[in-house]
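Take the sequence shown: its letter number 198 is residue 199 in the numbering used here, and every next letter is one higher.
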Amino acid sequence: MKVCIVGTGYVGLVTAACLAETGNTAFCVDINDSVIERLKKGEVHIFEPGLEELVQRNLDQKRLFFTTSISEGMADSTLVFSCVGTPPRNDGSCDLSAVYRVAEEVGRIMTDYKIVVNKSTVPVGTADRVREIIREQLSARGLDLDFDVVSNPEFLKEGDAVNDFMKPDRIIMGTDNPEVARLLENLYEPYARSRDKLILMNPRSAEMTKYAANCMLATKISFINEIANICEKVGADVRDVRVGIGSDHRIGYHFIYPGVGYGGSCFPKDVKALIHTAQGRGYVPELLDAVDGVNNRQRRVIANKIREFFEPSGGISGKVLAVWGLSFKANTDDIRHSASMDIISELSEAGMRIRGFDPAAGDNARKEFGENPLVEISENQYEILDRADALAVLTDWNQFRNPDFNRIRAGLKQPVIFDARNLYRSDIIKSHALTCIRTGRPGITAGDREDL
C-alpha cells in the first residue's frame, strides 16, 4: 500500500517508518522545511531508540519519503494518517487546530476516495467534526466525493515506540464501514500475526478508549504515590507493599512504582482533557480530578524533603544540588511536563544552585533554563558531584541504577542522596556510609550499618 502520514513527531515518524518496514510505501508530510530536509538525509530530530536506523534503512530501500507537500503525499494514497499535535490549552481542553487544518487540506486537495485516519489523541466527537470539515471543503469546490474518517488511536510509549508499533498489545479501529475495516486489517496484519489484536468499534468509542487507557495508567501512578506518602506516615515500606498488592493478578506490578509523578506529552494532557470533556457534558469527574491533584502534589514532595533536610543548616539558598535525570522518564529526551524540570525551577527560585545531568535531555534542558544563572547542565554524570551538598536522582535511567558509589561519596560535600525513584538497595547504601532519603520507604542515615 501507499500511505500518507501527516506529521513527523513521535507518532507520525514512528508510524511512517514502521509501515514502510513491512513493505508499504510511506510519504511523511510536515510543514517544517528544516525537519524534512534533515529527515531526507536520515537525520532523526527526536530521540527514540531504534528509530533512526529504521528511518535510514527504509530511505535506502526507497519505501520511505519525506515532503512538505501534502498534495504529493496524498497522490495515489487512499489512506491519509493525521498524526499532528494536539497540545493542551490553559483550560485543559485540546488545541485541535492542527487536526482541523489537515482536514481542510484533505478536503481542498482530494480528487478521489480517501480514508482519513485520525491517529492523534483527540476528544470524543473529533472524527465527526473532521468529517464535517472535509464535506464543507468539498462542497465549496462543488464536488461530492466519497470519503471515510476513522479513529485509530496510537498506543506508543516514548522510549519504546518502535517496539510498541511492531508488537502492539491491541490495534483499535473506530469505523462503521466494514470495507474500511477490512482494508485496515490488511494494513495491520503483519503486526498481529501471533494473535488477533484488531478490535473494531465505532469512532467515538475508539476515541474514548485512548483517553480511558491513559487515564487508567495515570490513576495507577497517582494511587501508588498516594500509598507511598501514607507509608512514610505510618512506618511502612512501599517496596514491600507494592510486591504484596502486585502479586494479585487483578492489580499486577505494572505502573505501580512510586516516584515524582507522571509527566510527558500524554498523561498530563489527556487526564485534563477528559476532565474538560466530562465537565462540558455536565459531569463532575471526581476520580480524575483527584488523580490530577495527587500528581501535581507529588511533584512537590521531593522538593519539600530537600528543603526540610537543609533547614537546620540555614536552608537551601546557596546550597548546591546535583541532579541525575531531567527527562520525564528514562529513554527519552522529552522534558515536557517533566517533574525534574519543575523541581529544579522551584529549588533554584529559592536560591539553590543546580547542576543537572541527563543521558539524552541535556540540550533540551539547556534551552529551558538558558536564562537561569543558578542552573548548569553538564555532559558528565560525575563531575556535577564535585563539592555538591547532595545528589537527587529523579529519573530512572539504567546508568543511574548501579553507579559508582565510591565516586558519589568522594565527590559530595555531604554524603546525601535523595533517591526519588527508590533505585538503591539499603545494604549498598549502608556499606558506603551514605544518607539516603527515599519515596515511601524508611530513610537511611550515614553510618547506619545494620540491616533493615
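All C-beta atoms in this analysis are idealised placements derived from N, C-alpha and C, irrespective of residue type, glycine included.
Query                                                                                                                                                           : Result
Taking the runs of the beta strand (DSSP E) that are 3 residues or longer, which of them lie wholly in the stretch 130–197?                                     : 148–152, 172–175
Could you please give the first and the last residue of the uninterrupted beta strand (DSSP E) stretch that includes Thr436?                                    : 436–439
Inspect the CB distances between the stretch 387–399 and the stretch 340–356 and report whether three or more fall short of 8 Å.                                : yes
Quick check: the Cα distance between Gly245 and Gly253, rounded to an integer number of angstroms?                                                              : 10 Å
Going by alpha carbons, who is nearest to Glu233 out of Val302, Thr127, Gln138, Val324?                                                                         : Val302
Comparing C-alpha positions only, which one of Val85, Arg442, Met2, Asn59 sits nearest to Pro259?                                                               : Arg442
Out of curiosity, what's the CA-to-CA distance linking Val295 and Ser223?                                                                                       : 6 Å
Taking DSSP as the reference, what is the three-state secondary structure of Ala420?                                                                            : Per the sequence shown, the amino acid found at residue 420 is Asp instead of Ala. Looking at Asp420 - three-state DSSP - the assignment turns out to be strand.
According to the Cβ coordinates, are Ile317 and Ala366 closer than 7 Å?                                                                                         : no
To the nearest angstrom, report how far apart Gly143 and Arg109 are at their CA atoms.                                                                          : 11 Å
In three-state terms, what does DSSP make of Val117?                                                                                                            : strand
So the alpha helix (DSSP H) Gly247 belongs to, where does it begin and stop?                                                                                    : 239–247
Could you give the DSSP three-state label for Arg90: helix, strand or coil?                                                                                     : coil
Nearest-angstrom Cα distance between Val100 and Arg90?                                                                                                          : 15 Å
Please name the residue or residues paired with Met202 in a DSSP beta bridge.                                                                                   : Gly175
Compute the beta-carbon to beta-carbon distance between Pro50 and Gly160, rounded to the nearest angstrom, for a pair I have assumed lies under 8 Å.            : 7 Å
Compare the C-alpha of Phe329 against each of Pro269, Lys306, Ala291 and name the closest.                                                                      : Pro269
When DSSP builds the beta bridges, which residues end up paired with Ser266?                                                                                    : Answer is none; Ser266 lacks a bridge partner.
What's the C-alpha gap between Arg136 and Ala27?                                                                                                                : 26 Å
The alpha helix (DSSP H) with Glu287 in it runs from where to where?                                                                                            : 287–311
Ordered along the chain, which non-local residues of its own chain (more than five positions away) have a Cβ less than 7 Å from that of Leu348?                 : Ala304, Ile307, Ile317, Leu322, Ile355
Rounding to the nearest angstrom, what Cα-Cα distance links Gly363 and Leu375 in this structure?                                                                : 16 Å
Taking the straight line between their C-alpha atoms, what separation do you get for Gly126 and Met209?                                                         : 9 Å
Give the single residue among Lys320, Pro124, Arg298 whose Cα lies nearest to the Cα of Pro88.                                                                  : Pro124
What's the C-alpha gap between Glu106 and Arg251?                                                                                                               : 46 Å
Just confirm the distance between the C-beta atoms of Leu14 and Cys29, as a whole number of angstroms; I'd bet it's less than 8 Å.                              : 7 Å
Please state the DSSP three-state secondary structure of Val369.                                                                                                : Inspection of the sequence shows that residue 369 is occupied by Glu rather than by Val. Helix.
On the CB-based measure, 16 or more other CB atoms within 10 Å of its CB, does Pro179 come out buried or exposed?                                               : exposed
When DSSP labels each residue in this structure, what does Arg64 get in the three-state scheme?                                                                 : coil
Exposed or buried, Ile429, counting other C-beta atoms within 10 Å across all chains shown (16 or more means buried)?                                           : exposed
Tell me the DSSP secondary structure of Gly281 in three-state form.                                                                                             : helix
Short check: CB of Asn153 to CB of Lys120, under 7 Å?                                                                                                           : yes
If you count every other CB in all the chains shown that lies within 10 Å of the CB of Tyr11, and 16 or more means buried, which is it?                         : buried
With DSSP run on the structure shown, which of helix, strand or coil describes Ala447?                                                                          : coil
Leaving out the 5 sequence neighbours to the left and right, which residues in its chain are closer than 7 Å to Thr333 when beta-carbon positions are compared? : Phe48, Glu159, Gly160, Ala361
Could you give the distance in angstroms between the alpha-carbon of Thr9 and the alpha-carbon of Cys19?                                                        : 13 Å
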